[in-house]
Structures are given as C-alpha cells and as structure tokens.
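Protein chains in written order, with my numbering: chain A, 1 to 341; chain B, 1 to 339. Backbone N, C-alpha and C define an ideal beta-carbon position, used for all residues, glycine too. Shown next, in structure tokens, is the structure this report addresses.
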Amino acid sequence: MSRSLGTGDTRTTKAWLVCLVLAGISFVVIVLGLNTGTIRIPPLRVLDTLFGGGSGRDHIVLFEYRLPRIVVTVLAGAGLGAAGAVMQGLSRNALADPGVLGLHAGAALGLVMFVSFFRDLDGSAAVLIPLFTFAGGVIAAVLIVLLSYSRNRGIVPVRLILSGIGVASGLSAITLYWSLRLDEDTYAFTARWLAGSVWGRDWIHAAALLPWIVIVLPYVLSQTRSLNNLSLGDETAAGIGTSVKRQRLLLLGAAVALSSASVSMAGGIGFIGLIAPHLARRLVGPMYQHLLPVACLVGVVILVTADTIGRSVFQPNAIPAGVVVAVVGAPYFLFLLSRTK
Amino acid sequence: MTAPPVLRAGRIRQALLFTASAVLLALAIFAAISLGAKDLTVSTVWSAVFHYDRSLMTHQIIHELRLPRVLGAAVIGAALAVAGSLIQGITRNPLGDTGVLGINAGAMFVVAVSFAFFPNLPYGTLIVLSFLGALMSTLLVFGLGASAPGGLTPMRLTVSGAVTAALLGSMTSGIAIYFDLSQDLAFWYAGGVAGIKWSQLEILAPILLMVIAWSMGLARSISLISMGDEVALNLGLNLRRIRLLGLLTVVVLAGLSVSAAGAIGFVGLVIPHIARKLIGVDYRQIVPLSALLGAVLLVLADLGARMANPPEELAIGIMVSFIGVPFFLFLARKERRDL
Chain A
1 MSRSLGTGDT RTTKAWLVCL VLAGISFVVI VLGLNTGTIR IPPLRVLDTL
51 FGGGSGRDHI VLFEYRLPRI VVTVLAGAGL GAAGAVMQGL SRNALADPGV
101 LGLHAGAALG LVMFVSFFRD LDGSAAVLIP LFTFAGGVIA AVLIVLLSYS
151 RNRGIVPVRL ILSGIGVASG LSAITLYWSL RLDEDTYAFT ARWLAGSVWG
201 RDWIHAAALL PWIVIVLPYV LSQTRSLNNL SLGDETAAGI GTSVKRQRLL
251 LLGAAVALSS ASVSMAGGIG FIGLIAPHLA RRLVGPMYQH LLPVACLVGV
301 VILVTADTIG RSVFQPNAIP AGVVVAVVGA PYFLFLLSRT K
Chain B
1 MTAPPVLRAG RIRQALLFTA SAVLLALAIF AAISLGAKDL TVSTVWSAVF
51 HYDRSLMTHQ IIHELRLPRV LGAAVIGAAL AVAGSLIQGI TRNPLGDTGV
101 LGINAGAMFV VAVSFAFFPN LPYGTLIVLS FLGALMSTLL VFGLGASAPG
151 GLTPMRLTVS GAVTAALLGS MTSGIAIYFD LSQDLAFWYA GGVAGIKWSQ
201 LEILAPILLM VIAWSMGLAR SISLISMGDE VALNLGLNLR RIRLLGLLTV
251 VVLAGLSVSA AGAIGFVGLV IPHIARKLIG VDYRQIVPLS ALLGAVLLVL
301 ADLGARMANP PEELAIGIMV SFIGVPFFLF LARKERRDL
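Below, the structure written as structure tokens:
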C-alpha cells in the first residue's frame, strides 16, 4: 500500500539499511557477550573457535557454556521485540507491552507451577517449561480480554490497560503465595527468574525455546498486512476486507506464545516489548513489514547487551538482565509518556 | 436553625454507621487477640490487657505478641485507607491508591537499600528514610504526569505510577539478589504486621493517629476539590496548596505504613469505595469511616493470614489481594470514560 504513495521504495531501502546496520550491531554484541565472563576469550579467538580452531578449553567454554546461553538470549530478545510490536498494533496503543498488560504475571504463575511439580530444571522436562508459561500467559490474556470486552464497543483500550494492571496484581499474589511455599533453593531460583534473569544455559533450554520462535515468528512476519490494517482502526480494517475479530485473536495468540516462551527461558523481563517497537518505529516508520523485523533485531541487541552487562559488571553476584533493562527502559517509557498526548 | 428532616435522617444514618463500624472494629480486635495458635478465653484477654501480670505465660503471649501486632494492624489499616481516600479525592481518580501509584514502591526501594548497606539502622531512622523514598516516587509520578501536554489525566497518572512501581520494584529485587537478601525481603515485601513490636508501635501509632486526625481537618477542602476545579476555585480555595498538603499527608501515611509492614496493596483502593457507597460524597465523613473500616479489614486479614494454615502464616498482602483484586477489576470493568 505504501508503494502507491510513492515513498514506499525509499522506505524499503531505508528499512533494509537499518536492518543491515542492526544485524551488524547484533553480531558485535553477540561476540562481545561470548568473550565476556570469568574466563575471557579475545574476540578473534572466539571467531576462530567458532569456525573450528582454538584450544580444547576454549572449545568447551564456548560450546558448552556461552553459546547455548547466547542462543537463548538471541531467541528471547527477538521473541519479546516481535511480541511487543504485535501487541501495540493490536491494541492500537503505543504504550502496550506484554509485561505491562499482565501476560508476564501469568507466565510467572506457570513457571512457579512448573517448579513446584518438576524440581529438575535441567533434565528433559525443561522442554515443558515454555508450555507451562504459555498456559499461564493464555490464562492471563483470556482474563484480560474478557474483562475489557464490551458488547457494543469490542475491546475497550482503557479497560485493557486497567484490567491488565489488576490481573497482573492478582496473579502475582497467587505466584507469591506459591513461591513462599517452595524450598529455599527453588525460591531463590524463582526470585531471580521473576527479576528477569536469563537462566537457560544448556542446549536443552535453547532447544526448548527454538521451535516456539521458529514457528511463530515467521507466522507473525507473514501477517504484516493484517497488522497494518488493524492498526488503522477496526472500521477501516473491516472496510479493506480484514476479518477483524479472527485476525486479532490469532495475532494475540501469537504474541502470547512469543512472549511467554521467551520469558520462560529469559525470565520476566519487561520493557523490551515496549521499547523495541518504539525504537523501530522511530527508525523505519509505522509499516509493519519494516517495523517488525527491526523490532526483533532491536530486541536482540537490548537483551544480549543487558545480559552481558548484568553478568560482567556485577561480579560475583550477576544482576538479572531484567533489572538492567528496567533501569534503562522505565525512564525511557516515562519520558515517552510525558510527551504523548 | 433546625435541619430539614431529610438531613436529620441522614445524620442518624451516619451516626449509626459510625457506631456500627466502631463496634465492628472492637469485635475484630478482640477476636484477633483471643484467637490464634493458643486460643484464649475472654476473661484471660481482659485481665491481660487491663491487669497485666508478667509472671503468667498467657498474659505474656497477649501482651508481647498479639497486642502490638493487632494494634499495629489496626493503625496501619486505618492509615492506608485514609491515604487512599485522600488520593482518590485529590486526583478525582476512583482507581487511585498508594500501591497503584508507585508511592509504596519508593518506600520499599529505600528500605531495601538501607537493608543492604546499613543493616543495623534504628527504627526511627528507617521511618524517616522510607518517608523520603515515598516522597521521591510521589514527586516523580506526579511531576511526570503534570509535565505532559494535556496535564495530569487520571489515565496518565495510573500508567506512570504503574511504570514507576515496576522500575523501583525491579531495582529493589536487583538489590535483594545482589546482596543475598531475597528471602528476608520477600517476607517483608509480602506485607505483614507479625513483626511489629511495642518499641515500633510507640513511635508509629502516635504519628499515624495524629496525621489521620490532620487528614480529617483537610477533608472539607478535599470534598470541594473532588467536585471539580471550578467549584473549588469559585469558593476561593487555594487548589495548589490543598493538593500539596494532601499529597504530603498521603506520603507520610504510606511511607510509615510501608516501613512497618511492607507493601500491603489494595486497602487504600477498596475501603474508600465502600465508605463512599455507604455514606455519600462528603470527605468529612468518608475519611473517618475509611479509617475505621481500613482498620477492620487489616485486623481481619491478619487474623485470616494466621488462621488459614497454622502453624504457618500466609502473607497478609496475599490475603488482602485476594479480596482487593476482584474488586479493582470490577471497578475497571465499570469504567466508561476514556480516562
């Protein structure tokens, strides 16, 4: 559609450029993330090891410890960025975010249920973790949609935000109730998870997260046309020929799947879903075919950087990436809030 | 001048409501003192309170454990409810609450910082610090809301409060994790009056009661503000001054409550609503009735938290959330305006 406006081609070129630059930045932060830690490996040796060279010790450190964690971080960052962009398009609210809307509180409840039933987090049961957090996220989403639905007006945006806040508090109370009954170690894990700590560090965790992102992300990327239409408003979208209700439901499900699966391995990280689409919109404009991939890449850059900072600057007790993101992200959000009408 | 019959009937109703709430509070306090791991008879409780005998074990339980705890719950419940009613009046936002608006989170953050860096601070200092924390987050939330184009809308206030709460909460848990305070802080987070001792109550209760009394003095002006800026201005009210005084009062009440009992959400949201339903729109009645009902709610919630699963205790914040959240959602659902 934008092509007919004449500016489409320049925009597409710009979007490609931005994507390239961001991919370059992602590559740099990933290599930096791989080289940082208690055992430092120089960037060139990282590259060398990745392509088969390097000493045996480098090999073990990199392939057994650093790489799976980085894969988890990259997948989760992309998932959270995309989920935020989709949520903002669906709700036509630039301040919408899976965390703010209470989906993470549902995912947290799912995680606490998981650790209460399966104590072993590293075994093959780990594959089930995204399923549990997804179930929690769906419960939260259903509650929020039911509560903000009006027979005449559909989903009322203001109610969406208010019920999100309420549902998040309620689910958090249940989560707190359960987590206080856990033993000390499991409790410590849950506390870190809630603060947004990337804990997935084995290949099994990367494998558990991978299918969710690999299946849902391309689906969302293929739906950029509906997202464009939906963000124009229900009536316009219906006029163009989008089946508003069905598309909204499918895309909401996709956003819940992406964010719940991402937080299952990367902890309850808020604000990435909020900031990444915002930055993307500033960089490439509001068209979803440009915005969505850029939001994914921005999400990757933010999460990998935050995790690396949290791990390396605050030795020996690593600070969860979620705290790093919130300390940078919340002020940015408040700044946006103070400027939007 | 004799009041018209309608008003007189209203007065009788008001007097009845206040008497009933006071009786309810007395009963709740009495029940909370006598029920527990060791059930005590009425006469034992009576003599323990009024003729304390240090040599008797039952008297000691009542005097050293239950009494400060129950009285603490009552005072803090009253303070939270009054803070909520003032906030709702000042901002004309029916969803206003010190927890939702991030005021509690500021106090919690400062308490976490002092736990981490100065673990042995005396209680008096902790109170001052948590007050400063509450003040800091209040200034942040209201400053940001007011600086935006279009001014301080209730919606903007709610969102900036929620985000500020998330930011401070996140930094609090970061500190807790970095300094290995997680479990200490978690129980305190969850909110509880279990740990309140006489030495704390002696500082806390007089200040809170005085500030609550002061709030009742503010109530007339708050009523006028709640009717709209124009009404208040026409009556010659200094809006800015009243808002500032009201907010400062809220900050003192919230900061002190959090320093003593952690973050107990939703008391400040639910109680003023119930009070308004019962007694009408005049804050001169809403504020004192909120104080009484807030005290009742927290005393009962604490009792429930103790009795739910003995010998373990449920966190009181969870107990209050289970009552408060459905109510909040019910109100949010009824919200018709685009805030």
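Since residue i meets chain A, which of its residues come closer than 7 Å, beta carbon to beta carbon?
i	result
R156 (chain B)	L337
S257 (chain B)	Per Cβ cutoff of 7 Å: no residues; S257 (chain B) is ~18 Å from chain A at best.
A166 (chain B)	G270, A326, A330
S160 (chain B)	L334, L337
G106 (chain B)	Under the 7 Å cutoff, chain A gives no residues; its nearest Cβ is about 13 Å from G106 (chain B).
G84 (chain B)	In chain order: nothing, as chain A lies at least about 15 Å away.
Interface residues of chain B around residue i at Cβ under 8 Å?
i	result
Y177 (chain A)	L314, A315, I318
A173 (chain A)	G317, I318, S321, F322, V325
R69 (chain A)	Here the premise fails: no neighbours, minimum Cβ distance about 18 Å.
For a contact meaning CB atoms closer than 8 Å, what does residue i contact in chain A?
i	result
L144 (chain B)	L334, L337, S338
V163 (chain B)	V100, A330, F333, L334, L337
L100 (chain B)	It is Val, not Leu, that sits at residue 100 (chain B) in the sequence shown. Simply I165.
L278 (chain B)	By Cβ distance, chain A contributes nothing, its closest Cβ being about 23 Å from L278 (chain B), past 8 Å.
L95 (chain B)	L162
M171 (chain B)	V323, A326, V327
Suppose you measure from the CA of residue i to the CA of residue j; what does that come to, to the nearest Å?
i	j	result
G56 (chain A)	L75 (chain A)	27 Å
A20 (chain B)	I196 (chain B)	28 Å
V82 (chain B)	G33 (chain A)	50 Å
D338 (chain B)	A22 (chain B)	Note that D338 (chain B) scores a pLDDT of 42, beneath 50, so its modelled location is shaky and nothing firm can be said.
V198 (chain A)	E313 (chain B)	32 Å
I240 (chain A)	S231 (chain A)	12 Å
V252 (chain B)	R220 (chain B)	20 Å
G6 (chain A)	A83 (chain A)	Annotation note: pLDDT 45 at G6 (chain A) (below 50); position unreliable, no value reported.
R11 (chain A)	V284 (chain A)	7 Å
A140 (chain A)	I309 (chain A)	31 Å
G145 (chain B)	R240 (chain B)	15 Å
L209 (chain B)	L297 (chain B)	17 Å
D202 (chain A)	A208 (chain A)	10 Å
G304 (chain B)	A326 (chain A)	35 Å
T350 (chain A)	R159 (chain A)	Examination of residue 350 (chain A) is not possible in this model, given that chain A is present from 1 through 341 alone.
R339 (chain A)	I203 (chain B)	43 Å
A85 (chain A)	I275 (chain A)	9 Å
L131 (chain A)	A105 (chain A)	15 Å
R93 (chain B)	H273 (chain B)	With the sequence shown as reference, residue 93 (chain B) is identified as Asn, and Arg is not the correct amino acid for it. Between N93 (chain B) and H273 (chain B), the C-alpha separation is close to 11 Å.
V193 (chain B)	G110 (chain A)	29 Å
S124 (chain A)	D185 (chain A)	20 Å
V29 (chain A)	R66 (chain A)	13 Å
H348 (chain A)	D180 (chain B)	Chain A is shown only over 1 to 341; residue 348 (chain A) falls outside these bounds and no answer can be derived.
S173 (chain B)	L180 (chain A)	15 Å
I39 (chain A)	R311 (chain A)	12 Å
W178 (chain A)	A28 (chain B)	28 Å
T41 (chain B)	S34 (chain B)	7 Å
V163 (chain B)	A79 (chain B)	24 Å
Using a C-beta to C-beta distance shorter than 9 Å, which residues of chain B count as neighbours of residue i?
i	result
S351 (chain A)	Given that chain A is displayed from residue 1 to residue 341, the structure contains no residue 351 (chain A) and the question cannot be resolved.
N317 (chain A)	I177, Y178, F179, D180
Closer than 9 Å by beta-carbon distance: list the chain A residues that pair up with residue i, in chain order.
i	result
M195 (chain B)	The residue asked about is misnamed: residue 195 (chain B) is Gly in this sequence, not Met. Those do not exist, as G195 (chain B) stays about 15 Å from chain A at its closest Cβ, beyond 9 Å.
Notebook entry, point to check: Of the residues that make up the segment 190 to 219 of chain A, which ones have a beta carbon closer than 9 Å to any beta carbon in chain B?
Noted result: A191, R192, L194, A195, G196, S197
Item checked: Within 8 Å of chain A by C-beta, residues of the segment 283 to 303 of chain B in sequence order -> none
Check: Given a limit of 9 Å on CB to CB distance, which residues of the segment 321 to 332 of chain A reach chain B?
Finding: Those would be G322, V323, V324, V325, A326, V327, G329, A330, P331, in chain order.
Next item on the list: Determine which residues of the segment 295 to 314 of chain A have a Cβ less than 8 Å from any Cβ of chain B, and write them out in chain order.
Entry: F314
Margin query: So, does the segment 96 to 114 of chain B touch the segment 127 to 141 of chain B, judging by three or more C-beta pairs under 8 Å?
Written below: Touching, yes.
Checklist line | Inter-stretch contact at 8 Å, needing at least 3 Cβ pairs: the segment 34 to 48 of chain A / the segment 208 to 220 of chain A | finding: no
Notebook entry, point to check: What residues from the segment 260 to 285 of chain A come within 7 Å of chain B, judged by C-beta to C-beta, listed N to C?
Noted result: G270
Notebook entry, point to check: Which of the residues in the segment 108 to 132 of chain B, read from start to end, lie with their CB under 9 Å from any CB of chain A?
Noted result: Across the segment 108 to 132 of chain B, no CB contact with chain A closer than 9 Å is found for any residue.
Next item on the list: Could you pull out every unbroken alpha helix (DSSP H) segment of at least 4 residues lying fully inside the segment 29 to 109 of chain B, listed in chain order?
Entry: 42 to 50, 57 to 60, 67 to 91
Margin query: So if I threshold CB-CB distances at 7 Å, which residues from the segment 56 to 78 of chain B count as touching chain A?
Written below: Sequence-ordered contacts of the segment 56 to 78 of chain B with chain A are nonexistent [C-beta pairs closer than 7 Å].
Margin query: Tell me which residues of the segment 26 to 57 of chain A have at least one Cβ-Cβ distance to chain B shorter than 9 Å, keeping chain order.
Written below: So the list is empty, because no residue satisfies the distance condition.
Next item on the list: Flag this pair as touching only if the segment 322 to 330 of chain B and the segment 258 to 269 of chain B have three or more C-beta atom pairs under 8 Å; answer yes or no.
Entry: yes
Check: Which ranges does the alpha helix (DSSP H) cover as unbroken runs of at least 4 residues, wholly within the segment 17 to 85 of chain A, from first to last along the chain?
Finding: 43 to 50, 56 to 60
Note to self: Quick test of the definition: if touching needs 3 or more C-beta pairs under 8 Å, does the segment 62 to 76 of chain A touch the segment 262 to 279 of chain A?
What the structure shows: yes
Notebook entry, point to check: Taking a cut of 8 Å between CB atoms, which residues from the segment 215 to 237 of chain B lie near chain A?
Noted result: none
Note to self: Check whether the segment 85 to 92 of chain B and the segment 247 to 262 of chain B touch, using three or more Cβ-Cβ pairs below 8 Å as the test.
What the structure shows: yes
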